[in-house]
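Trainee: Okay, here's the structure, questions in a sec.
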Amino acid sequence: MRFAPSIVLAALLLPPCPARCAQSGPVTVNGIAVKVNGTIITLREIEDEIDEKSMRLLSLQYGQQPAVFQQQVEKLRRDTVQLLVERQLILDEFKTGESAGHYKFPENYINEEMKRRIRDRFGDSVRMIKTLQEQGITKEAYRQRLKEEFIINAMEYKNVGSEQIVVSPHKIETYYAEHPDRFKVDDQVKLRMIFLANRPDRDAEATKKKAEEILAEIKGGASFAEKASAESEDSYKSEGGLRPAEDRKTLREDLAKVAFQLKPGELSDVLELKEGCYLMKVEEFHPAHLKPLNEVRAEIEKALELEDRGRLRKEWIERLKAKAFIYSFTPI
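Under the working numbering, think of the first position of the sequence shown as 168, with each following residue one higher.
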């Protein structure tokens, strides 16, 4: 099972179970969520693993739907339990499985990484210790978690890293042929635009009059780009009014209706809208097409690598589960 990167990142920043359990007092049966081989995962660990940011996001998305919100919270909780179980399975495999003794992490390497994190994340050791204390974490527990992070990364690289994945040219070509919608590009126009806003000191009628004067100058031979640089009142003024190519979905509907009726080189009439007036000139029109394979080959290769890595990781975790003792004291 794959999990959101934000949850995985949160897991890597938490201390190991023994330190947590020691700080929270004696563990009772009611406090145990799952037992993985000889290691206990507590209810508190699960709750601590679910960060406030994730809960706030769920609240924003589903706060007005209590039943759905509760379902999403339970799903997040189940995913978190599975994450902790998988993490422990990997650590156990490192310690006692086929990979036991294959990896050595020099203490000086861990020390250097600790120094880097202190500098980048906390500023100095005093601030680090204070922050960790506020979270109920000791410096030693944090260091141990860092070491475990290295172990997990090394184990995942060995079992599901790039060396185990080969994406052939044929596979890339097949994916391209079977997913045309993913690489379809709709009709696009590349526009220059001049925008004049209605303002307290210039009402809609005055704005329209000024826009008509500018249009007359352009029709008389003035450069649209130069007039946009001098007169336009939007963020593309410095670009001579030139905007990136847009399709009907990304360009505002009221503007798109006019823009897609114009041919390259043609000017629009003054377009009056609530906020002000627009003038448009189509620089280029790009008809709908499929991106060529050579343009998206790297994108496809990356997608297939991620797909294969997910499959390999799932198979690997299932093998670890098959030879492990996992007992749940709570629904997961």
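Idealized CB from N, CA, C, for every residue including glycine. Nothing here was measured: the structure is a model prediction, and the numbers come from that model.
Taking buried to mean at least 16 other C-beta atoms within 10 Å of its own C-beta, is Q238 buried or exposed?
Mentor: Looking at its Cβ environment, which holds fewer than 16 other Cβ atoms inside 10 Å, Q238 is exposed.
Trainee: Going by beta-carbon coordinates alone, are L256 and I213 separated by less than 8 angstroms?
Mentor: No, these two residues do not count as a Cβ contact at 8 angstroms.
Trainee: Answer yes or no: do A491 and D259 have a C-beta to C-beta separation smaller than 8 angstroms?
Mentor: Yes. Within cutoff.
Trainee: On the criterion of 16 or more Cβ atoms from any shown chain inside 10 Å, does Q355 qualify as buried, or is it exposed?
Mentor: The residue in question, Q355, is buried, as its Cβ has 16 or more Cβ neighbours within 10 Å.
Trainee: Could you pull the start and end residues of the alpha helix (DSSP H) that S226 belongs to?
Mentor: Taken as a continuous stretch (DSSP letters only), the alpha helix (DSSP H) holding S226 covers E219 to Y229.
Trainee: May I ask you to report which of helix, strand or coil DSSP gives Q355?
Mentor: Residue state, collapsed to three classes: strand.
Trainee: Tell me the start and end of each unbroken alpha helix (DSSP H) in the segment 359-432 that is at least 4 residues and wholly inside, in chain order.
Mentor: Fully enclosed alpha helix (DSSP H) runs of 4 or longer: 371-386, 391-398 and 420-426.
Trainee: Identify every residue that forms a DSSP beta bridge with F452.
Mentor: According to DSSP, F452 bridges with V356.
Trainee: Tell me whether L446 is buried or exposed, calling it buried when 16 or more other Cβ atoms sit within 10 Å of its Cβ.
Mentor: Its Cβ being crowded by 16 or more others within 10 Å, L446 is buried.
Trainee: To the nearest whole angstrom, what separates the beta carbons of L471 and K375, a pair I think is in contact under 8 angstroms?
Mentor: Contact doesn't hold; Cβ gap of about 54 angstroms is too wide.
Trainee: Could you give the residue range of the beta strand (DSSP E) that holds A465?
Mentor: It is not in any beta strand (DSSP E) - A465 instead sits in the alpha helix (DSSP H) that spans L460 to A489.
Trainee: Grab the span of the alpha helix (DSSP H) containing T206 for me, first residue to last.
Mentor: Segment T206 to T209 is the beta strand (DSSP E) holding T206; no alpha helix (DSSP H) there.
Trainee: Look at the alpha carbon of E253 and the alpha carbon of V425, and state the distance between them as a whole number of angstroms.
Mentor: Looking at the two C-alpha atoms, the distance is approximately 56 angstroms.
Trainee: Determine the closest residue to L440 out of R486, L434, A364 and S399, with distance taken between C-alpha atoms.
Mentor: Answer by Cα proximity: A364.
Trainee: Over the uninterrupted beta strand (DSSP E) stretch that includes S495, give me the two end residues.
Mentor: Its beta strand (DSSP E) spans residues I493 to S495.
Trainee: If we count the other Cβ atoms within 10 Å of its Cβ and call it buried at 16 or more, is K481 buried or exposed?
Mentor: Burial call: exposed.
Trainee: Pull up the CB-CB distance for V201 and I484, whole angstroms please, since I reckon it's below 8 angstroms.
Mentor: Their Cβ separation, rounded to whole angstroms, is 15 angstroms, which puts V201 and I484 out of contact at 8 angstroms.
Trainee: For the candidate residues K306, Q228 and F427, whose alpha-carbon lies nearest to that of P454?
Mentor: Measuring from the Cα of P454, the nearest candidate turns out to be F427.
Trainee: What number of angstroms, rounded off, separates the C-alpha of S335 from the C-alpha of L479?
Mentor: Going by the C-alpha atoms only, they are around 17 angstroms apart.
Trainee: Residues in its own chain within less than 6 angstroms of I319 by CB, not counting five upstream and five downstream?
Mentor: These residues qualify, in order along the chain: I257.
Trainee: If I'm right that I381 touches E406 with Cβ under 8 angstroms, what's the distance once you round it to whole angstroms?
Mentor: Actually they are not in contact, since the Cβ atoms of I381 and E406 sit about 17 angstroms apart, beyond 8 angstroms.
Trainee: Return the residue from the list E274, A389 and K297 that minimises the CA-CA distance to L313.
Mentor: For the residues E274, A389 and K297, the minimum Cα distance to L313 belongs to E274.
Trainee: Starting from K202, trace the beta strand (DSSP E) both ways and give me its first and last residue.
Mentor: Its beta strand (DSSP E) spans residues I199 to V203.
Trainee: On the three-state DSSP scale, how would you describe E439?
Mentor: E439 falls in the strand class under three-state DSSP.
Trainee: Where are the alpha helix (DSSP H) runs, 4 residues long or more, that stay fully inside the segment 305-354, in chain order?
Mentor: Segments of the alpha helix (DSSP H) lying fully in the segment 305-354: 306-327 and 336-345.
Trainee: Does the distance from the CB of R359 to the CB of A395 come in under 8 angstroms?
Mentor: Yes, they are a contact pair.
Trainee: Counting C-beta neighbours from all protein chains within 10 Å, is the total for V437 16 or more, i.e. buried, or is it exposed?
Mentor: With 16 or more Cβ atoms within 10 Å of its Cβ, V437 is classed as buried.
Trainee: Using only CA atoms, which one of G408, H456, K458 and I217 lies nearest to V449?
Mentor: Among G408, H456, K458 and I217, the Cα nearest to that of V449 belongs to G408.
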